[in-house]
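K.L.:
Be aware that the sequence shown starts at 1, since it is given in full-length UniProt numbering, and climbs by one per residue. We put the CB at the ideal spot given by N, CA and C, even for glycine. First the structure, which I've put down as structure tokens, then a few questions once you've had a look.
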Amino acid sequence: MTKKVSYSFKEILGSVFSMIVFIYVFEYLNALLFYYLNEFIHAPIRSEKVGFENLMGIMTSTFSMPTFAIIDGLFRNPFYALWDAISLLNFKMFYLNVLYSKIISTTIVIFYYSLYVLFEKFDKKGIEAIIPIKNNLTLLAVTHKPTWWILPLIIPVLRYIPKYYMNKELSKKYQKKFMFAIGMTVIPWLFYGQLILNKEIAAKEETI
1 MTKKVSYSFK
11 EILGSVFSMI
21 VFIYVFEYLN
31 ALLFYYLNEF
41 IHAPIRSEKV
51 GFENLMGIMT
61 STFSMPTFAI
71 IDGLFRNPFY
81 ALWDAISLLN
91 FKMFYLNVLY
101 SKIISTTIVI
111 FYYSLYVLFE
121 KFDKKGIEAI
131 IPIKNNLTLL
141 AVTHKPTWWI
151 LPLIIPVLRY
161 IPKYYMNKEL
171 SKKYQKKFMF
181 AIGMTVIPWL
191 FYGQLILNKE
201 IAAKEETI
């Protein structure tokens, strides 16, 4: 029934977030390089005369000095932007900020990859993990819950109730307690990843 997981959740998480930090540092160094190149190319001409060339030399300096603020860049600013979008009920801004944030988009990818692996383990089509509504229907089938639960699952806030019971059933299959099911409901990317992308748990499951 099960398939062996090639990489553990910790290995995937460490690799992904290391790559995010590397990309941020690379972007900073790239911006710094362009800043100094721009300063060199558009340096004001030193002359006692005040002329058009001097004015253009000052005006064409469009690059500002980049700052290395990895905490703000990766964490604070994206979440502040999301909070502003939610408070303004601007869904377009919300989704754009989700896609723009490397951290948030990565957690989404981790969750859906975990769901993909889960479906494959239970002989379901992994591609169903990324199909809206269908992924919940498949999860209902895996956890042996009634199909009509799909109705509350598509309602915001209310959906957390059936989600918890589905996750509770799923956590039982992996010998986890109900507190783990709460984690799967509140922070799905983290707890689904720990549950499913885990070599030790996969090994135990194969022996059952």
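1. Can you say whether Gln175 is buried or exposed, counting buried as having 16 or more other CB atoms within 10 angstroms of its CB?
2. To which residues of the same chain is Tyr28 closer than 7 Å at the C-beta, ignoring the five residues directly before and after it?
3. From Val186 to Tyr113, what distance separates their C-alpha atoms?
4. Measure the Cβ-Cβ separation of Met166 and Leu139 and say whether it is below 8 Å.
5. Contact check, Ile196 vs Val117 under 8 Å by CB: the rounded distance?
6. Can you give me the C-alpha to C-alpha distance between Tyr100 and Trp83, rounded to a whole angstrom?
7. For Ala69, does the three-state DSSP call read helix, strand or coil?
8. Rounded to the nearest angstrom, what separates Leu154 and Leu74 at their Cα positions?
9. Near Glu169, what residues of its chain come up, given a Cβ to Cβ distance below 6 Å and the 5 sequence neighbours on each side ignored?
10. Compare the beta carbon distance of Phe79 and Ala85 with 8 Å and say whether it is the shorter of the two.
11. Less than 6 Å between C-beta atoms, sequence neighbours within five positions excluded: which residues of the same chain meet that for Gly183?
12. Roughly how many angstroms lie between the CA atoms of Ala129 and Gly14, to the nearest whole one?
13. Whole angstroms are fine: how far does the CA of Leu115 sit from the CA of Phe122?
14. Express the C-alpha separation of Leu32 and Val109 in angstroms, rounding to a whole number.
15. Are the CB atoms of Asn136 and Ser8 nearer to each other than 8 Å?
16. Given this structure, state the Cα-to-Cα distance separating Pro188 from Asn38, to the nearest angstrom.
17. Would you mind listing the alpha helix (DSSP H) stretches within the region 162 to 204 that are 4+ residues and don't spill past its ends, in chain order?
18. Comparing alpha-carbon positions, which option in Lys163, Arg76, Ile41, Ile103 lies nearest Ser18?
P.N.:
From the atom records:
1. exposed
2. Pro66, Phe68
3. The alpha-carbon separation between Val186 and Tyr113 amounts to approximately 18 Å.
4. Using a Cβ distance threshold of 8 Å, Met166 and Leu139 count as a contacting pair.
5. Their Cβ separation, rounded to whole angstroms, is 5 Å, which keeps Ile196 and Val117 in contact under 8 Å.
6. 14 Å
7. coil
8. Note that residue 154 corresponds to Ile in the displayed sequence, not to Leu. Roughly 30 Å separates the two Cα atoms.
9. Thr143
10. no
11. Phe191
12. Each residue's alpha carbon lies about 23 Å from the other.
13. 11 Å
14. 30 Å
15. no
16. C-alpha separation (whole angstroms): 45 Å.
17. 178 to 186, 188 to 196
18. Ile103
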